[in-house]
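Enquirer: Got a structure for you, written out below as structure tokens; questions coming shortly.
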Amino acid sequence: MIARNSQFILLTTFILNALSLSQNVTFNHVKIRYAAEDDQYFTAGIISENNLKNAWNTSQITRIAVLEGSLPIIYPDSITNFPVLKYLVLSRSGIEQIHPGAFENLPVLKSLKLSENKLTTIEAGVFSNLKLLYLNLDQNLIETISPHAFDNMTKLTMLDLNRNQIKIFHPEWLQGKPLLGTVRLGYNQIEHLPSGAFANYHKDVHLNNNEIKSVSRDIFGSDDNITFGNLWFSRNEIEEWKEDFVKGAKIKTLDMSRNKLQCLEGKYENFFVARHTRIDDNPWNCECFFKVEKWAVQHQREQGVDMAVCARVCHASVLPPRQCRM
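Letter by letter, the sequence shown follows residues -22 to -1, 1 to 304 in mature numbering (1 follows the signal peptide of the UniProt record, and there is no 0).
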């Protein structure tokens, strides 16, 4: 009886020790693919390790991708000291949380993919000071992002936050990024853009499929001579488009399609300043729509204003419907 109890105690102790060892460990039973500078690819299994630098000779590894396994929490000092690492793929890895300090001393890291995980919050300090060109966080569960989550990322050219649950937009995300060319914030739950949202950023912004209800000039700050790239506001809840929103601006494409616009009040030349403006698939009042259409013809802007569906609906009969409904 004593021997059996001793065996039970030893077994219990072993299990508890094993559990304690697995705590605060990022990599538990995962399969990883990596490549060296000569582009030879290798696959390795890691049973229990917090820092990848302890598993390999890090001085020659240029690419790392998790193939199998789950990384619920990426702890501090997990992926550090890879002097030539350029590409890091942690997509579909079940990540729920990333601690500040998880990515350190990665001087030439260009691309970090964290798509299709379970992240809900992005803290300040997680990505700060990384010299990334491309950061992909799409298809997570992100609701909250610290205003300073992307501080000091001066080389960033693409930020992908599509398909999350973001409700609040912080202008600080876009500050100090002179090379940033595209920001993807589509398919989120943003309802409002604060003053100065794009005061320090005038490139391409995807805000389609959100819950934005109105847009106004103050999102560009105090600059009266705006030169912008492309602005996508399609599939939102915009009911009011103020005349001063883009007045005097130079914009490539302005997409206001599939919102809740019914009419425009003001001088049309202040609305249609973009090279290409999409206003189709809105519930336009047909009388108002005819005025817009007439203005576009008179000013030879038919090619620059996309309104074909409404034109078909409102011209469908001798007595056109009251509204252009898609």
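Ideal placement from N, C-alpha and C gives every residue a C-beta, glycine not left out.
Source: prediction; values computed, not measured.
Taking the alpha carbon of ALA13 as the reference point, which residue from ILE25, GLU27, PRO172, ILE39 has its own alpha carbon closest?
Expert: Comparing Cα-Cα distances from ALA13 to each of ILE25, GLU27, PRO172, ILE39, the minimum goes to ILE39.
Enquirer: Of all the options LEU157, LYS145, ASP196, which has the alpha carbon lying nearest to the alpha carbon of TYR165?
Expert: Checked all of LEU157, LYS145, ASP196; the closest Cα to TYR165 is LYS145.
Enquirer: Hey, quick one: how far does the alpha helix (DSSP H) through TRP273 stretch, first residue to last?
Expert: 264 to 276 is the extent of the alpha helix (DSSP H) around TRP273.
Enquirer: Pull up the DSSP beta-bridge partners for TRP151, would you.
Expert: Note: TRP151 sits in no beta bridge, so no partner.
Enquirer: Note down the Cα distance separating GLN240 from GLU150, rounded to an integer number of angstroms.
Expert: Cα to Cα, the separation comes out at about 33 Å.
Enquirer: Three or more beta-carbon pairs under 8 Å between the stretch 182 to 193 and the stretch 210 to 224, yes or no?
Expert: With the cut-off at 8 Å, the stretch 182 to 193 and the stretch 210 to 224 touch.
Enquirer: Rounded to the nearest angstrom, what separates PHE198 and ALA175 at their Cα positions?
Expert: For PHE198 and ALA175, the distance between alpha carbons rounds to 6 Å.
Enquirer: Quick one: complete beta strand (DSSP E) runs, 3+ long, within the stretch 68 to 141?
Expert: Listed in chain order, the complete beta strand (DSSP E) runs (minimum 3 residues) inside the stretch 68 to 141 are 89 to 91, 112 to 114, 136 to 138.
Enquirer: Note the first and the last residue of the continuous beta strand (DSSP E) segment covering ARG290.
Expert: Element bounds for ARG290: not the beta strand (DSSP E) but the alpha helix (DSSP H), 286 to 292.
Enquirer: Under DSSP, the beta strand (DSSP E) around ASN32 begins and ends at which residues?
Expert: Premise fails: ASN32 is in no beta strand (DSSP E) and is neither H nor E.
Enquirer: Answer with buried or exposed for ARG253, where buried requires no fewer than 16 other C-beta atoms within 10 angstroms of its C-beta.
Expert: By the neighbour-count rule (16 or more Cβ atoms within 10 Å), ARG253 is not buried but exposed.
Enquirer: Short check: CB of ASN248 to CB of GLU221, under 8 Å?
Expert: In this structure, GLU221 lies closer than 8 Å to ASN248 by Cβ.
Enquirer: To which residues of the same chain is ASN118 closer than 6 Å at the C-beta, ignoring the five residues directly before and after it?
Expert: Here the set comprises ASN95, LEU97, ASN142.
Enquirer: Whose CA, out of LEU185, LEU110, LYS272, LYS225, lies closest to the CA of ASN203?
Expert: Of LEU185, LEU110, LYS272, LYS225, the residue nearest in Cα terms is LYS225.
Enquirer: Is the beta carbon of LEU115 closer than 8 Å to that of ASP129?
Expert: Not closer than 8 Å, so no.
Enquirer: For PHE105 and GLU27, what's the separation of their Cα atoms in angstroms?
Expert: Rounded to the nearest angstrom, the two C-alpha atoms are 22 Å apart.
Enquirer: Since GLU82 and ASP55 are thought to touch, with beta carbons under 8 Å apart, how far apart are those beta carbons, to the nearest angstrom?
Expert: Between ASP55 and GLU82 the Cβ distance is about 7 Å, and since that is below 8 Å, they are a contact.
Enquirer: Considering Cα atoms alone, identify which of PRO78, ILE51, THR36 is closest to LEU63.
Expert: Comparing Cα-Cα distances from LEU63 to each of PRO78, ILE51, THR36, the minimum goes to THR36.
Enquirer: Excluding the 5 residues preceding and the 5 following THR(-10) in the sequence, name in chain order all residues of the same chain whose CB lies nearer than 7 Å to its CB.
Expert: Only weak support is given to the placement of THR(-10): the predicted model assigns it a pLDDT of 33, under 50, and the question is left unresolved by the model.
Enquirer: Jot down the residue ranges of each uninterrupted beta strand (DSSP E) in the stretch 179 to 255, minimum 3 residues, whole runs only, in chain order.
Expert: The qualifying runs are 182 to 184, 205 to 210, 228 to 233.
Enquirer: Would you kindly work out how many angstroms separate the C-alpha atoms of LEU171 and ARG256, rounded to a whole number?
Expert: So the alpha carbons of these two residues sit roughly 20 Å apart.
Enquirer: Here's the rule: buried if 16 or more other CB atoms are within 10 angstroms of the residue's CB, otherwise exposed. What is TYR19?
Expert: Per the 10 Å Cβ criterion, exposed.
Enquirer: Are TYR65 and SER89 touching if we call contact CB-CB under 8 Å?
Expert: Contact: yes.
Enquirer: Note down, in chain order, each residue of its chain lying with its Cβ closer than 8 Å to the Cβ of GLN301, except the 5 sequence neighbours on either side.
Expert: Closer than 8 Å at Cβ, skipping near neighbours: GLN240, PRO261, TRP262, ASN263, CYS264.
Enquirer: Taking the beta strand (DSSP E) that ASN6 falls in, what are its first and last residues?
Expert: Unbroken beta strand (DSSP E) run through ASN6: 5 to 14.
Enquirer: Assign GLY282 to one of three DSSP states: helix, strand, or coil.
Expert: Residue state, collapsed to three classes: helix.
Enquirer: Tell me whether ASP233 is buried or exposed, calling it buried when 16 or more other Cβ atoms sit within 10 Å of its Cβ.
Expert: ASP233 should be labelled buried.
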